[in-house]
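Position one of the sequence shown corresponds to residue 1 (full-length UniProt numbering), numbered consecutively onward. Inspection log for the structure reproduced underneath, given as structure tokens.
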Amino acid sequence: MIKLLAVLGLIFVFLVYSFFPVKTERTVEIPYGKTSLDIALLLYREGVIRSPISFMVIHSLIRGKLEAGEYEFNGWVFPWDVYLKIHRGQRKLYKITVPEGFDLYDIAKLLEEYSICKREDFLRVANSPETAKRYGLKTYTMEGFLFPDTYYFSKNTHPLQVVDVMFKNFLRRTEHLRPKLEERGLSLEEWVIIASMVEKETAVPEERPIIASVILNRIKLGMPLQIDPTVIYALKRRGEWKGVLTKKHLQLDDPYNTYYHKGLPPSPICNPSLQSLEAVLNPAETNYLYFVSMGNGRHAFSSNYKDHLKNIATYRR
Numbered sequence: 001m002i003k004l005l006a007v008l009g010l011i012f013v014f015l016v017y018s019f020f021p022v023k024t025e026r027t028v029e030i031p032y033g034k035t036s037l038d039i040a041l042l043l044y045r046e047g048v049i050r051s052p053i054s055f056m057v058i059h060s061l062i063r064g065k066l067e068a069g070e071y072e073f074n075g076w077v078f079p080w081d082v083y084l085k086i087h088r089g090q091r092k093l094y095k096i097t098v099p100e101g102f103d104l105y106d107i108a109k110l111l112e113e114y115s116i117c118k119r120e121d122f123l124r125v126a127n128s129p130e131t132a133k134r135y136g137l138k139t140y141t142m143e144g145f146l147f148p149d150t151y152y153f154s155k156n157t158h159p160l161q162v163v164d165v166m167f168k169n170f171l172r173r174t175e176h177l178r179p180k181l182e183e184r185g186l187s188l189e190e191w192v193i194i195a196s197m198v199e200k201e202t203a204v205p206e207e208r209p210i211i212a213s214v215i216l217n218r219i220k221l222g223m224p225l226q227i228d229p230t231v232i233y234a235l236k237r238r239g240e241w242k243g244v245l246t247k248k249h250l251q252l253d254d255p256y257n258t259y260y261h262k263g264l265p266p267s268p269i270c271n272p273s274l275q276s277l278e279a280v281l282n283p284a285e286t287n288y289l290y291f292v293s294m295g296n297g298r299h300a301f302s303s304n305y306k307d308h309l310k311n312i313a314t315y316r317r
């Protein structure tokens, strides 16, 4: 009897001990498809819990779903804290900053670098007409509507969740601007398409309203827009962009080539900044129809082709 009590006492002490906290600084990756026992053993091997038993006891009481992913444990942690973090899917988050003017291909590369999701998976979702339709967009892609900002995502996040977070941020950040679209006679899609071209044509804030005025003036007159970045985007979509734009590229029969086709491209060519979006709604009052790079990041503007040729001769010598 005494031996039995001693054994029971030892078991009790061990059970109590297994629920004691552990001081740790560990990041643990829980693979998909693992059982609760697999997870308990993994956490024990990683030194996050004192015994698999504590985790399994808690699981038997809660019977909750355990989410795969990467989890971070810092300081003193109790086994129930560990269990609840995994049960709630409170994965380790990574800070990523999407710069203004990034297109889907740039974003896809960035996401893959941080192991948020695979490049091809993101592009398949973001370039899907079904995804655009899901959000009520009249384009076949989410290009232009994923707002450039700082985000926090866990590894192996579903691409649709990434798109959802970024698109909802676009709606939130542009809420005060969208009521002005009707006054300007622009649809949501037209607005973002024009803003994306403004974004790619200049990095100088004070030039954005002027660039916007040139594009809008050309649209009114039915002139080809002749925006170089649209050709670059066409080449990027085809996987043919090598970093140098040539005269031959300007003859490319592609719907995004605004030298070859009149009117707006089928979708935005990047995800524009708030400043570029504002510039389209508040363009400078000009009669400019042309501009040429001055080689210092700025542009020389002109209202007729003769002056435009003079500017070309001046700045492209």
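Think of the CB as a built atom: it goes at the ideal place given N, C-alpha and C, for glycine as much as any other residue. This one's a predicted model, so the numbers in the text were calculated from it and none came from an experiment.
- Counting C-beta atoms within 10 angstroms of its own C-beta, A108 has 16 or more neighbours from the protein chains shown and is therefore classed as buried.
- Judged by DSSP in its simplified three-state form, A126 adopts helix.
- For E72, the enclosing beta strand (DSSP E) begins and ends at 69-77.
- Excluding its 5 nearest sequence neighbours in each direction, L41 has C-beta neighbours in its own chain below 6 angstroms: P52, listed in chain order.
- Relative to S293, the option among S267, K180, I49, V204 whose CA is nearest is V204.
- Per the coordinates, the alpha-carbon of Y256 lies some 7 angstroms from the alpha-carbon of Y233.
- Setting aside the 5 residues that flank it on each side, L160 is surrounded in the same chain by V125, each with a C-beta closer than 6 angstroms to its C-beta; the list follows chain order.
- Taking 8 angstroms as the cut-off, the Cβ atoms of I96 and L66 do not count as close.
- Remark: C-beta atoms of V280 and I219 do not approach each other more closely than 8 angstroms.
- Using a C-beta cut-off of 8 angstroms, the region 163-174 makes contact with the region 139-148, since at least three inter-stretch Cβ pairs fall below that distance.
- In the three-state reduction of the DSSP assignment, K247 falls in the coil class, being assigned neither a helical nor a strand state.
- For I58, the CB contacts under 7 angstroms within the same chain, skipping 5 residues up- and downstream, are P79, W80, Y83 in chain order.
- Residues V292, A300, S302 of the same chain have their beta carbon placed closer than 7 angstroms to that of N311, with the five preceding and five following residues left out of the count.
- Looking at the DSSP output, S115 bridges to nothing.
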